[in-house]
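A.B. asks: Before I ask anything, let me first share the structure, which is written out below as structure tokens.
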Amino acid sequence: RLAELREAVPDVPFQMLLRGANAVGYTSYPDNVVHEFCRLAQQHGMDVFRIFDSVNYLENMRLGIDAVGAAGGVVEAAVCYTGDVACPRNGMYGLEYYLDYARELRQLGIHVLA
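Residues in the sequence shown are numbered from 7 upward in steps of one, following the numbering used here.
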């Protein structure tokens, strides 16, 4: 179906959500499965892969980032947050935590930060 959509809509970038090491499921998959899924999705027309981990665990993000990068897709890494990052008294994660996390994602070679 993806290839058919790509043929019908050739000039619109397609984007999907990738749960890091969980790919599109709710459990971790072996690295080779994530890589092959990303390769096939990109080959059949997926352009942008928005990768996230609900607890911002960098190692789960790394697998998705590496798999999408190897497949030739656009790597868009999403940072998950709650609360008021400008007020450190409102939670255990302040602005500096998120800035550091964004810097680490950038070092992994992402194309877009979301």
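Just so it is clear, CB atoms sit at the ideal spot from N, CA and C, and this is done for glycine as well.
Which value, in whole angstroms, describes the spacing of the CA atoms of residue 88 and residue 104?
C.D. replies: Looking at the two C-alpha atoms, the distance is approximately 11 angstroms.
A.B. asks: Kindly indicate which three-state DSSP category residue 9 falls into: helix, strand or coil?
C.D. replies: Helix, per DSSP.
A.B. asks: Can you give the Cα-Cα distance for residue 47 and residue 8, rounded to whole angstroms?
C.D. replies: Each residue's Cα considered, the two are about 8 angstroms apart.
A.B. asks: Tell me residue 25's beta-bridge partners as DSSP assigns them.
C.D. replies: Its beta-bridge partners do not exist; DSSP assigns none.
A.B. asks: On a CA-only basis, which of 81, 107 and 37 is nearest residue 19? Give me that one, please.
C.D. replies: The residue with the shortest Cα to Cα distance from residue 19 is 81.
A.B. asks: Is the separation between the beta-carbon of residue 37 and that of residue 69 shorter than 8 angstroms?
C.D. replies: Going by C-beta atoms, residue 37 is nearer than 8 angstroms to residue 69.
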